[in-house]
Every structure is written in C-alpha cells, then in structure tokens.
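Chemist: In the numbering used here, the protein residues as written are 1000 to 1397. Using N, Cα and C, we set each Cβ at its ideal position, and we do this for glycine too. Here the structure is a predicted model, which is why all the values come from computation and not from measurement.
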Amino acid sequence: MTTADPLERFTPILERIREGAAGRERDRVLPRDEVGELAAAGFGALRLPPDGTGRGIALTTFFELLIRLGAADSNLPQIWRNHIAFVEDRLQPGDGRNEHWRKVIAGGAVIGGAWSERGTAAGQSTTTLTDNDGRWRLTGTKYYSTGSLFADWISVTAPSGDDHVVALVDATAPGVEVVDDWSGIGQRTTASGTARFTEVTVDEVGIYPFRDRAPYQEAVYQLVHLATLAGTARGAHLDLVDAVRHRGRSYKHGLAESAREDAQVLAVVGRVAAAAFAAEAAVLRAAAPLDEVADLAIAGTHDADALAPLLHAATVTVYEAQVAVTELVLQATTLLYDALSASALDAGTLLDRHWRNARTVTSHNPRIYKERLVGNWHVNAVPPGLGFDRAEKEGTAS
C-alpha cells in the first residue's frame, strides 16, 4: 500500500469536516456525524492488519492522516485519542480477547476512555470492579472522558489487587452516564467531560491487566496530542491565507493598497506556514522510530529487555518533538493576528479557536516535564519515565 492511498481516500471526508468546523465551534455542536462518518469509512481500523479487515498502514502514515484531520477540525483527533491507543493494545500478541476486540473495531466500533479521577493521587483510583459469582460490576466517576460520548465502548481503569485493570464497558449499558460538562477554553466540542458508572455489568472478555498495554502506548498518546497541534497550526495557516486573500483594505502604514500585495503581511503568512511545516515535520520524524518499535512489539520477536533501548530512544524523540511543536504552534496561532489587524478580533471570525485549542492541548501534557526528561536522558542516560528520586535510587547509566 502506498502512503497516498489512505490519505486520498479520506480527503473528501476531511473537506466536509473542515467546512463545518467553525460553525460547530460557534454553536457548540458536537461532531457526532463526523465521528460516525470516519468510523464508517474505516478510520478506526486503519492500523488493523488486512486479514483482520483493516488496512495495515504504518504509524507514520496514520499520523500524517491524523495531522490532516487536525487541520480540518482540531477537536477530532483528540476525540479518537483513546481509540487509537486501544487499537495498539489489541495489536499486541495475546489471547483470544485481542482477536475479539480486533473484530469489534473492524466492525466500525469507536472506543472511548475514562481513566482520570479528581481528588486522588497519581495512580490511585476510587473506582471499583467487583466479582460477584462471575458477574463483574463497575462503579465509579471519571473525568476528562474524551471520546466517550461518541463511543460504542468505553475503556475504564479500576484497581485490582496490587495492580490496575482496564475494563471495556458497553456505552449503552444501564448505569452508564456520560455528560458534556467540559468547560475548558478550547477543544470545546471534544465532550471531554464526566463519565459515571453505577453497578455496570462488565463481561470478562473486556477485562485485561493494565500492564498488558502496548509497551509504547504512552508515546502514542503524546504523539496524538502533537499531531493535533500540528494540524491546528495548519488549520490556522489555511484560515489566515483565506483571510488575507479576501481582506478588502490595507493598514495606513502598509506597503500596498491590498493586504495580499503587502510584503510585510505576506511575510507573516510565510512565518505561520513555516511554523506549521516544521511542526508537521517534527511529528512525522518522531513517528518514524516509534513505527519500528511498534512493528517489533506486534511481531513479538523481542522481549521487554531487548525492546527497551529502542523504546526509550523513540520516546525521547517524541518528547523532543513535544517541546519544539508546542512552541511552534503557540507562536503560529498568535502570529496570524499580525497580518489581519483589528478586524480579525471580531468574535465572529473564530480565529481565536486555533490558539485556544492549541493552549488547551498543550496544557493536557505540560512540556516542562518533558524538557527535564529529555535533558536527563541526554546528560545522565536516565530512561524517560523515571523520576529523579527513583533514578537516584536505581543509579544511572554511564
């Protein structure tokens, strides 16, 4: 399969998504139809092998498509984030449960996620999953449940002994309530709100240990955010180009009678374009080594110790990209105003959504921690994911 194949296949859908993005933002209309159209076209199954009714595309190709989706509407990649990570989990070697869920995904199902809680320390949870004579019941409240309001199944984390499990819950089951109460300044149509589960029945085929996730899953989660950001920058650039082309007057100190002929305005457009280009390039560069790790993990030819060096290096590359892309996109979504003057400040332009969305995504995953982890890797060879306290106790590589 060529890289262009899946990209060209989804082009008409992405164009329709972009046409309605501003209106959905203005009226806070959730993109249910858009998620459904993507699912029906096989978007959620693109990473499944062809013999599993997927397309078997590489991670790098998939993230290129994800950037384009973000350029059309930067809410959409985030909605799919939990689904994307769940697919990678189910591609790993395992028992019949993985095959079961691959069939569910191939059938067009969308997977949401409900993992985060408020008022608990990292790694802790008040959610309960109990076994009553072979009948599992889930009870708990989760926040930032991105994708769940659009989902057929919701992955929910819960403690189990000394570990955690992930339980797949039918989104239509009695006792499931997902609320669009997300009040962030950006990503307003992601429905990243509250999910409540009250004595919800869970089938054992949908329960698996948290440790059985794909070993590279955390890096995939972060790379989805970066693809969303790169898409945001490209969407801002497209809106800027359109606005400059149709701007009917020039500023009194301008160099030409129209904005589209003003060298200083064109220079701003060029800077925004360059920032979007660099962000896209950084995401795809970070996806390449992760592609190799994913192939090895899925093939099952390397044990954890053999895979670790490649995984660490690939994860650091994602973190390096995060630091760079965050800065590039926040700059691009602010700079666009320099080319448009005061008229661009009208709320009706909705140009502010690009910065609000970028600021929101970057706040989900603060870059300051990644800067530290990258530096500690390069200077002290400490693998990403280890805090300084643990690193000091275990020692660092020379």
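Tell me whether Asn1375 is buried or exposed, calling it buried when 16 or more other Cβ atoms sit within 10 Å of its Cβ.
Modeler: The residue given as residue 1375 occupies position 376 in the sequence shown. Buried: at least 16 other Cβ atoms inside 10 Å.
Chemist: Report yes or no: do the stretch 1328-1348 and the stretch 1272-1289 share at least 3 C-beta pairs separated by less than 8 Å?
Modeler: yes
Chemist: Measure the alpha-carbon distance for Tyr1143 versus Arg1134 and round it to whole angstroms.
Modeler: If you number the sequence shown from 1, residue 1143 lands on position 144. If you number the sequence shown from 1, residue 1134 lands on position 135. One C-alpha to the other measures close to 28 Å.
Chemist: Taking only runs of the beta strand (DSSP E) that begin and end inside the stretch 1122-1178, which ones reach a length of at least 3 residues, in chain order?
Modeler: Runs of the beta strand (DSSP E) inside the stretch 1122-1178: 1127-1131, 1134-1141, 1152-1159, 1162-1169 and 1175-1178.
Chemist: Determine the direct distance from the alpha carbon of Asp1180 to that of Leu1090, and round the result to whole angstroms.
Modeler: Taking the first residue of the sequence shown as 1, we reach residue 1090 at position 91. Taking the first residue of the sequence shown as 1, we reach residue 1180 at position 181. Going from the Cα of Leu1090 to the Cα of Asp1180 covers about 33 Å.
Chemist: Check whether the stretch 1030-1043 touches the stretch 1061-1075, counting contact only when three or more Cβ pairs, one atom from each stretch, lie closer than 8 Å.
Modeler: yes
Chemist: For Tyr1368, is the classification buried or exposed, using 16 other Cβ atoms within 10 angstroms of its Cβ as the cut-off for buried?
Modeler: Counting from one through the sequence shown, the residue named residue 1368 turns up at place 369. Tyr1368 is exposed by the Cβ-count criterion.
Chemist: If you reduce the DSSP assignment to three classes, tell me which class Arg1248 lands in.
Modeler: Residue numbering aside, residue 1248 sits at position 249 when the sequence shown is read from its first letter. Arg1248 falls in the coil class under three-state DSSP.
Chemist: Going by beta-carbon coordinates alone, are His1070 and Leu1006 separated by less than 9 Å?
Modeler: Translated into the one-based positions of the sequence shown, residue 1070 becomes position 71. Translated into the one-based positions of the sequence shown, residue 1006 becomes position 7. Sequence check: residue 1070 is Ala here, not His. No, they are not a contact pair.
Chemist: How far does the beta strand (DSSP E) with Arg1195 in it reach, from first residue to last?
Modeler: The residue labelled residue 1195 in the question sits at position 196 within the sequence shown. Thr1193 to Val1201 is the extent of the beta strand (DSSP E) around Arg1195.
Chemist: Does Tyr1215 come out as helix, strand or coil in the three-state DSSP assignment?
Modeler: Here residue 1215 corresponds to residue number 216 of the sequence shown, with the count starting at 1. Here Tyr1215 sits in coil by DSSP.
Chemist: Can the beta-carbon of Thr1138 be found closer than 9 Å to that of Thr1127?
Modeler: Here the question's residue 1138 lines up with position 139 in the sequence shown. Here the question's residue 1127 lines up with position 128 in the sequence shown. Yes, the pair counts as a contact, with Cβ atoms nearer than the cut-off.
Chemist: In whole angstroms, what is the alpha-carbon distance linking Val1103 and Phe1042?
Modeler: Numbered from its first residue, the sequence shown carries residue 1103 at position 104. Numbered from its first residue, the sequence shown carries residue 1042 at position 43. Taking the straight line joining both Cα atoms gives about 13 Å.
Chemist: Based on Cα-Cα distance, which residue from Ala1286, Gly1051, His1363 and Leu1239 lies nearest to Leu1350?
Modeler: Within the sequence shown, the letter at position 351 stands for residue 1350. Ranking the options by Cα distance to Leu1350, first place goes to Leu1239.
Chemist: Residues in the same chain with beta-carbon distance under 8 Å from Leu1295, minus the five sequence neighbours each way, listed in chain order, please.
Modeler: Working through the sequence shown from its first residue, we reach residue 1295 at position 296. Taking C-beta separations shorter than 8 Å and ignoring five residues to either side along the sequence, the partners of Leu1295 in its chain run His1301, Leu1306 and Leu1309, following chain order.
Chemist: Do Arg1246 and Ala1278 have their C-beta atoms closer together than 9 Å?
Modeler: Numbered from 1 along the sequence shown, position 247 holds the residue referred to as residue 1246. Numbered from 1 along the sequence shown, position 279 holds the residue referred to as residue 1278. Inclusion of Arg1246 and Ala1278 in the CB contact set at 9 Å is not warranted, their separation being larger than that value.
Chemist: Excluding the 5 residues preceding and the 5 following Leu1335 in the sequence, name in chain order all residues of the same chain whose CB lies nearer than 6 Å to its CB.
Modeler: As a working mapping, residue 1335 is identified with position 336 in the sequence shown. Answer for Leu1335: Ala1235, Leu1239 and Val1271, listed in chain order.
Chemist: Just mark Asn1081 as buried or exposed, buried being the case when its beta carbon has 16 or more other beta carbons within 10 Å.
Modeler: The residue you call residue 1081 lines up with position 82 of the sequence shown. With 16 or more Cβ atoms within 10 Å of its Cβ, Asn1081 is classed as buried.
Chemist: Distance, Cα to Cα, Leu1065 vs Asp1132?
Modeler: Residue numbering aside, residue 1065 sits at position 66 when the sequence shown is read from its first letter. Residue numbering aside, residue 1132 sits at position 133 when the sequence shown is read from its first letter. The C-alpha of Asp1132 is placed about 43 Å away from the C-alpha of Leu1065.
Chemist: Rounded to whole angstroms, what's the CA-CA distance from Phe1209 to Arg1023? Just pull it up for me.
Modeler: In the sequence shown, residue 1209 corresponds to position 210, counting from 1. In the sequence shown, residue 1023 corresponds to position 24, counting from 1. Roughly 36 Å separates the two Cα atoms.
Chemist: State the beta-bridge partners of Ser1115 as determined by DSSP.
Modeler: As a position in the sequence shown, residue 1115 is number 116, starting the count at 1. BP columns for Ser1115 point to Tyr1142.
Chemist: Quick check on Gly1185 - is its C-beta less than 9 Å from some C-beta in chain C?
Modeler: The displayed structure is made up of one protein chain only, and chain C is not part of it.
Chemist: For Tyr1207, list the residues DSSP reports as bridge partners.
Modeler: In the sequence shown, the residue the question calls residue 1207 occupies position 208. DSSP, once it has assigned bridges, lists Val1165 as partnering Tyr1207.
Chemist: Where Val1282 and Ala1242 are concerned, what is the direct C-alpha to C-alpha distance, given to the nearest angstrom?
Modeler: Within the sequence shown, the letter at position 283 stands for residue 1282. Within the sequence shown, the letter at position 243 stands for residue 1242. Each residue's Cα considered, the two are about 27 Å apart.
Chemist: In whole angstroms, give me the CA-to-CA distance for His1311 and Val1324.
Modeler: Sequence index remark: in the sequence shown, residue 1311 carries index 312 (1-based). Sequence index remark: in the sequence shown, residue 1324 carries index 325 (1-based). For His1311 and Val1324, the distance between alpha carbons rounds to 20 Å.
Chemist: Pick out whichever of Thr1140, Arg1212 and Arg1366 has its Cα sitting closest to the Cα of Gly1174.
Modeler: Here residue 1174 refers to the residue found at position 175 of the sequence shown. If we check each option's Cα against that of Gly1174, Thr1140 comes out closest.
Chemist: Quick check on DSSP: helix, strand or coil for Ile1056?
Modeler: By one-based count along the sequence shown, residue 1056 stands at place 57. Annotated three-state conformation of Ile1056 is coil, per DSSP.
Chemist: Rounded to the nearest angstrom, what separates Ser1182 and Asp1304 at their Cα positions?
Modeler: Here residue 1182 is taken as the residue at index 183 of the sequence shown, counted from 1. Here residue 1304 is taken as the residue at index 305 of the sequence shown, counted from 1. One C-alpha to the other measures close to 43 Å.
Chemist: Closer than 6 Å by C-beta to Gly1055: which residues in its own chain qualify, once you throw out the five before and the five after it? Chain order, please.
Modeler: In the sequence shown, the residue the question calls residue 1055 occupies position 56. Correct list, in chain order: Pro1048 and Pro1049.
Chemist: Just to confirm the assignment: which complete beta strand (DSSP E) runs, minimum length 3, are found wholly within the stretch 1056-1113?
Modeler: 1110-1113
Chemist: Are the beta-carbon atoms of Ala1285 and Val1317 separated by less than 9 Å?
Modeler: The sequence position of residue 1285 within the sequence shown is 286, counting from 1. The sequence position of residue 1317 within the sequence shown is 318, counting from 1. Cβ atoms of Ala1285 and Val1317: closer than 9 Å.
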